[in-house]
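Heads up, the sequence shown is in my numbering, so the first residue is 641 and it goes up one at a time. Every residue gets a Cβ at the ideal spot worked out from N, C-alpha and C, and that includes glycine.
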Amino acid sequence: MKVAIETLNEEPFRVQEDIVAQDWGMDSFDIKFIDTLSVTADFTRIKKDIYVQTEVISKRIIVCSRCMDKVKQTVRQNFHFHFDRSGLRDTLEMDNAIREEILLHFPMKVLCKTDCKGLCTVCGSNLNHSRCDCQKAIHRDLSSSVTAGRFQEAEGDTESQILEREYIEE
Ligand SMILES: [Zn+2]
Ligand SMILES: [Zn+2]
Numbered sequence: 641m642k643v644a645i646e647t648l649n650e651e652p653f654r655v656q657e658d659i660v661a662q663d664w665g666m667d668s669f670d671i672k673f674i675d676t677l678s679v680t681a682d683f684t685r686i687k688k689d690i691y692v693q694t695e696v697i698s699k700r701i702i703v704c705s706r707c708m709d710k711v712k713q714t715v716r717q718n719f720h721f722h723f724d725r726s727g728l729r730d731t732l733e734m735d736n737a738i739r740e741e742i743l744l745h746f747p748m749k750v751l752c753k754t755d756c757k758g759l760c761t762v763c764g765s766n767l768n769h770s771r772c773d774c775q776k777a778i779h780r781d782l783s784s785s786v787t788a789g790r791f792q793e794a795e796g797d798t799e800s801q802i803l804e805r806e807y808i809e810e
């Protein structure tokens, strides 16, 4: 994405471009970019200052670090840039700057969704898709050994629910 600096002024100048994701070579072992990156940028120039507001929509296939599922995600990101006119030539080339921002904002831990339940540590089943009884069994063990009293109380409440209370005056 390239713009001629002399054409920029205080009115935002919008440029939209679809970039073949593979051309930017950003894939890592757990993130693979597919299709195109949709980049929309608004360029504004106020004297020597150039401001660029960008919105990048990318499609990625990720491998969740918690449950190992492969998931296709569409991600929207907004990046803001400021350039000093004096450090530039006649054109402003945005590709490298945007690419770097995307790489900088790679998640430390790639997740299929923020509340991914992960894999059962006992039987290995994916807890997002299926339920197993292993965790229940562990919970029961923990509850009975650590907070035996409270656990029994809670169990009593659920099993015998009091629907009405009537006080009898003598
Ligand atoms: Zn996951
Ligand atoms: Zn399990």
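Under 8 Å Cβ to Cβ from Gly665, same chain only, skipping five residues before and after it: list those, please. none
Evaluate contact between the stretch 697-706 and the stretch 660-678, counting only Cβ atoms and requiring at least three cross-stretch pairs below 8 Å. yes
Cβ contact (3+ pairs, closer than 8 Å) linking the stretch 762-769 and the stretch 736-751: no
What does DSSP give as the partner residue(s) for Gln656 in the beta ladder? Thr680
Do you know whose CA, among Ile697, Val692, Arg700, lies nearest Ile850's CA? As displayed, the chain neither begins before 641 nor continues past 810, which places residue 850 out of reach and without an answer.
Under a three-way DSSP split, which group does Glu741 fall into? helix
Which same chain residues, not among the five before or five after Phe653, have their C-beta less than 8 Å away from its C-beta? Val643, Thr647, Asp682, Phe683, Thr684
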